[in-house]
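Working notes, structure below.
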Amino acid sequence: MNRWRDLYCGELRPDGVGRTVAVAGWVARRRDHGGLIFIDLRDHTGVVQLVVNPERSPEAAQAAHAIRSEFVVRAGGEVVARAPDAVNSNIATGAVEIQVDELELVARSEPLPFQLDDDNVEEPLRLRYRYLDLRRDRMQRNLRLSATVIRAIRDSMEEQGFIDIWTPTMTLGTPEGARDFLVPVRLQPGRFFALAQSPQLFKQTLMIGGLDRYYQIATCWRDEDLRADRQFEFRQLDLELAFPTREDVIDVLERVVVASFEAVERTPPGRPFPRLSYAESMLRYGTDKPDTRFGVEIQDATEVTRTSEFGVFKNAECVRFVVAPAVFSRAELQRLEEFAKEWGAKGLAYIVVEESGEVRSPIAKFLSADELAAFAAPPGSTVLFAADTQAMVERVLGAVRSELGERLGLIDAARNDLLWVIDFPLFLEDEDTGQWTFVHHPFTSPLDGNEDLIESDPGAALSQHYDLIWNGWELGSGSIRVHRQDVQERVFRAMGMTDEEAQAKFGWFLEALQLGAPPHGGFALGIERFVALFAGEANIREIIPFPKTASGSDPLTGAPAPTTEERLSELGIKLRTPPA
Numbered sequence: 029m030n031r032w033r034d035l036y037c038g039e040l041r042p043d044g045v046g047r048t049v050a051v052a053g054w055v056a057r058r059r060d061h062g063g064l065i066f067i068d069l070r071d072h073t074g075v076v077q078l079v080v081n082p083e084r085s086p087e088a089a090q091a092a093h094a095i096r097s098e099f100v101v102r103a104g105g106e107v108v109a110r111a112p113d114a115v116n117s118n119i120a121t122g123a124v125e126i127q128v129d130e131l132e133l134v135a136r137s138e139p140l141p142f143q144l145d146d147d148n149v150e151e152p153l154r155l156r157y158r159y160l161d162l163r164r165d166r167m168q169r170n171l172r173l174s175a176t177v178i179r180a181i182r183d184s185m186e187e188q189g190f191i192d193i194w195t196p197t198m199t200l201g202t203p204e205g206a207r208d209f210l211v212p213v214r215l216q217p218g219r220f221f222a223l224a225q226s227p228q229l230f231k232q233t234l235m236i237g238g239l240d241r242y243y244q245i246a247t248c249w250r251d252e253d254l255r256a257d258r259q260f261e262f263r264q265l266d267l268e269l270a271f272p273t274r275e276d277v278i279d280v281l282e283r284v285v286v287a288s289f290e291a292v293e294r295t296p297p298g299r300p301f302p303r304l305s306y307a308e309s310m311l312r313y314g315t316d317k318p319d320t321r322f323g324v325e326i327q328d329a330t331e332v333t334r335t336s337e338f339g340v341f342k343n344a345e346c347v348r349f350v351v352a353p354a355v356f357s358r359a360e361l362q363r364l365e366e367f368a369k370e371w372g373a374k375g376l377a378y379i380v381v382e383e384s385g386e387v388r389s390p391i392a393k394f395l396s397a398d399e400l401a402a403f404a405a406p407p408g409s410t411v412l413f414a415a416d417t418q419a420m421v422e423r424v425l426g427a428v429r430s431e432l433g434e435r436l437g438l439i440d441a442a443r444n445d446l447l448w449v450i451d452f453p454l455f456l457e458d459e460d461t462g463q464w465t466f467v468h469h470p471f472t473s474p475l476d477g478n479e480d481l482i483e484s485d486p487g488a489a490l491s492q493h494y495d496l497i498w499n500g501w502e503l504g505s506g507s508i509r510v511h512r513q514d515v516q517e518r519v520f521r522a523m524g525m526t527d528e529e530a531q532a533k534f535g536w537f538l539e540a541l542q543l544g545a546p547p548h549g550g551f552a553l554g555i556e557r558f559v560a561l562f563a564g565e566a567n568i569r570e571i572i573p574f575p576k577t578a579s580g581s582d583p584l585t586g587a588p589a590p591t592t593e594e595r596l597s598e599l600g601i602k603l604r605t606p607p608a
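Pasting the structure below:
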């Protein structure tokens, strides 16, 4: 390879016995046996054992005495077979070792802030010394897995006739559900670019420009609260195609997903992926991103409770329930009720069916025979109810169902359930303002035949929006777009946007829609979420080399940081001290 090494540490095998080789890497362990010194040398491929014998090489032995963990060294010597009782079957190189003739200390390391084999290091410390954390097997595996998946995605997109086109990062802000990161412009004081939350309008414009099939692995920015599956900056497979049906776009994504599974040597899901309408998903699972690896589906009891003697049920807009396959104690029921209240519930009514078949419930005496028959559950189970507005019932029971899946160990971790959620509403009513707002984004086309509902009944209009779900995680969203200027303006008006506002924010795009815009549609798949699921990681920070913490900080570099008054003045910015 070069003067530093002939091969990687993890590549040595018994067929190399007798060869003279050079390897280089980090010292994982050093063991001094009062003469012989054993060094486990590590690089990204694995570990190989070096044996330093002072009788064979006094110079190497002298150098070995100064070596400590995480020193960088180069070693040259002969590959020999280990004695049968010294073979280490836990590593790929365990049948051989290198008898060292030359040992070069390349770089020293100060004492480490944590040991690389310690699995209980606090995350802030790991991120502060991320360069050390990256040497650990977990991070090496995750980042290389990410590279494999992205290569498979690119290969699949190219095979399907898409072309990789770069779009600008700095653009005009658009309403996409999160705050923009703003970039001041020195040459135009008081004016700002927004970092693109997605290439949405640019990719639609590429279709108007006749490019037909576009994709890129796009970096996007959103100023929103961070959590396990969210960072300020993230990557997405962004794609758009002209003259598609919804099925065409779905087919593209399913091919990408299958190719990715095959690239990481996992059994791919069968095609076509199952479909659920948004309405069915909300009814059965209480969420538009259901985890279908376990049952405990939500059941509706609204009609059967319209004449109930239990006022909480009778007076509620919506009554639904789940049947948990467990008998809960009062303390467990209280904990579940507190959990439900965290999601907005006023309470959590219940019926416990003991193993003997005996019913235990404070509300049973208020329920009719028809109600009890509707709520019938097998012995050894608990029926849990929510009664409120439909939106609140969906939110509460969706969360309770997921909690039951975790608490009761109902989730089959070996399964990979991918499905599409389709037929979303075009609009939802904003709880704060009472105005209609978009579900996906304002460029999503209504379902054929729903155009007239935009004005007459916005809440009933369905859209050509589709989400891809994997084990309860939303991998991404897409839609067939509005390609007519008049329909786009009607959507804006339904959202309470005046024609003047629409022109100020989207005038250039509305103009483009007047100049021969073909039907088009696309999708955006979140790379970090996708790879995290392959890696079995619950937090996407584990597959990002340099992530931000939950507070939005970077412990490695100290960013974000204050800037100087001179730079602020140059940009025409004056800071106001925020209220305490």
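Just so you know, the sequence shown maps onto residues 29 to 608 in the numbering used here. Where is the CB? At the ideal position from N, CA and C, for every residue including glycine.
- Note: residue 228 is not bridge-paired with any residue in the DSSP secondary-structure output.
- Residue 51 sits in a strand when the DSSP states are folded into three classes.
- About 4 Å separates the CB atoms of residue 230 and residue 195; that is less than 8 Å, so the two are in contact.
- Rounded to whole angstroms, residue 72 and residue 554 show a C-alpha spacing of 27 Å.
- Counting C-beta pairs with one atom in each stretch, the segment 420-428 and the segment 342-352 have three or more that are closer than 8 Å, which means they touch.
- The C-alpha of residue 413 is placed about 14 Å away from the C-alpha of residue 372.
- Note on residue 310: 16 or more other CB atoms within 10 angstroms of its CB, so buried under the neighbour-count rule.
- By the Cβ-count criterion, residue 295 is exposed, with fewer than 16 other Cβ atoms from all chains shown falling within 10 Å of its own Cβ.
- Counting the other CB atoms within 10 Å of its CB gives residue 159 a total below 16, which places it among the exposed residues.
- DSSP lists 352 and 380 as the bridge partner or partners of residue 410.
- The distance from the Cβ of residue 509 to that of residue 549 is about 6 Å, consistent with a contact at the 8 Å cut-off.
- The continuous alpha helix (DSSP H) containing residue 306 extends over residues 306-313.
- Around the CB of residue 476, fewer than 16 other CB atoms lie within 10 Å, so the residue is classed as exposed.
- Exclusion of the five residues before and after residue 472 leaves 491, 493 and 507 as the residues of its chain whose Cβ lies within less than 6 Å of its Cβ.
- Per the coordinates, the alpha-carbon of residue 98 lies some 26 Å from the alpha-carbon of residue 109.
- Membership of residue 152 in the alpha helix (DSSP H) is indicated by the continuous run 151-156.
- Residue 191 sits exposed, since fewer than 16 C-beta atoms from the chains shown fall within 10 Å of its C-beta.
- Of the residues 560, 225 and 278, the one whose Cα lies closest to the Cα of residue 202 is 225.
- By the CB criterion at 8 Å, residue 277 and residue 265 fall outside the cutoff.
- Contiguous beta strand (DSSP E) elements confined to the segment 521-583 occur at 548-554, taking only those with 3 or more residues.
- The segment 400-409 makes contact with the segment 364-382; the number of CB pairs closer than 8 Å reaches 3 or more.
- When beta bridges are read from the DSSP output, residue 504 appears opposite 496 and 553.
- Under the criterion of beta carbons closer than 8 Å, residue 107 and residue 46 qualify as touching, at roughly 7 Å.
- Between the segment 240-258 and the segment 573-588 there are three or more C-beta pairs closer than 8 Å, enough to call the two in contact.
- For residue 212, the enclosing beta strand (DSSP E) begins and ends at 210-212.
- The C-beta separation of residue 444 from residue 302 comes to about 12 Å, leaving the pair out of contact by the 8 Å criterion.
- The Cβ-Cβ distance between residue 337 and residue 394 falls below 8 Å.
- If only complete runs of 4 or more residues are kept, the segment 102-188 shows the alpha helix (DSSP H) at 151-156, 158-161 and 165-187, in order along the chain.
- By DSSP's assignment, residue 198 forms a beta bridge with 223.
- DSSP places residue 326 in no beta strand (DSSP E); its state is neither H nor E.
- The shortest C-alpha to C-alpha distance from residue 272 to any of 240, 287 and 481 is the one to 240.
- Here residue 300 carries a coil assignment [DSSP, helix/strand/coil].
- The beta carbon of residue 423 lies closer than 8 Å to those of 314, 371 and 372 in the same chain, with the five residues before and after it left out.
- A straight-line Cα-Cα distance of about 7 Å links residue 65 and residue 89.
- Between residue 459 and the set 105, 417 and 369, the nearest pair of CA atoms involves 417.
- Here the alpha carbon of residue 247 sits roughly 20 Å from the alpha carbon of residue 495.
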